[in-house]
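Asker: Got a structure here, written out as structure tokens. Questions coming.
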Amino acid sequence: MKKLKITLSVLALAVLMGCGKKDPQNALEQAAQELQDAIAARQTGKAMERIHADFQGASGMDRQQARQMMTGLFLRYQNIGLLVVGRECRLDKGFYDRGHCSARVGVTGAQGLIPERADLYQVESTWQLAGKEWQLREIRWE
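Quick note, the numbering used here runs 18 ahead of the 1-based positions in the sequence shown.
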């Protein structure tokens, strides 16, 4: 009986220790989801927590310009819809602190219930570990 209690205690400790560690792949996917959720909820500050200090977007967009663009879109559209299809995230084989995600993204913007704008993009992104958190470093879309 005592052996069983010790075995169960050791197993419980091992499970708890395993829960504390983040799998880098899962953490990357979670970071991408958190950015998506923040944008859909129109939370610029939350979204910016996931944007790297050295962010680069299309046409040379930097971090500050990304903030301004988000703020402008959030002011213009009361309702923003994001539909992410087939997101695939993978860790970079050459750099331990880099990851890449790609997806098809449908974006809608509306003042009321009916979207005034709807676009579909193929999005490619590069993420970088900043401390223990993944942040969006680069993004390209077509």
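Don't be surprised by glycine CBs; every beta carbon is placed ideally from N, CA and C. Every value quoted in this text rests on a predicted model; they were computed, and no experiment measured them.
How would you call residue 149, buried or exposed, if buried means at least 16 neighbouring beta carbons within 10 angstroms?
Answerer: Exposed, by the Cβ-count rule.
Asker: Since I believe residue 116 is in contact with residue 140 (beta carbons under 8 angstroms), could you give me their beta-carbon distance rounded to a whole number of angstroms?
Answerer: Their Cβ separation, rounded to whole angstroms, is 20 angstroms, which puts residue 140 and residue 116 out of contact at 8 angstroms.
Asker: Taking just the CA atoms, how far does residue 98 sit from residue 161?
Answerer: Since the first residue shown for the chain is 19 and the last is 160, residue 161 is missing from the structure and cannot be characterised.
Asker: Tell me the DSSP bridge mates of residue 157?
Answerer: According to DSSP, which records beta bridges pairwise, residue 157 is partnered with 143.
Asker: Taking DSSP's pairing of strands, which residues face residue 97 in a bridge?
Answerer: Paired residues: 128.
Asker: Across the region 83-91 and the region 99-108, are there enough close Cβ pairs to call them in contact, namely three or more that are closer than 8 angstroms?
Answerer: No, because fewer than three Cβ pairs between the region 83-91 and the region 99-108 fall closer than 8 angstroms, the two stretches do not touch.
Asker: Could you check whether residue 60 and residue 69 sit closer than 8 angstroms to each other, using their CB atoms as the reference points?
Answerer: Contact flag unset, no.
Asker: Since residue 76 contacts residue 135 with CB under 8 angstroms, what's their CB separation in whole angstroms?
Answerer: That belief does not hold up - the Cβ atoms of residue 76 and residue 135 are roughly 17 angstroms apart, past 8 angstroms.
Asker: Just verifying my parser: in three-state terms, what is the DSSP assignment at residue 47?
Answerer: Correct three-state label for residue 47: helix.
Asker: In terms of residue numbering, what span does the beta strand (DSSP E) encompassing residue 71 cover?
Answerer: Element bounds for residue 71: 69-74.
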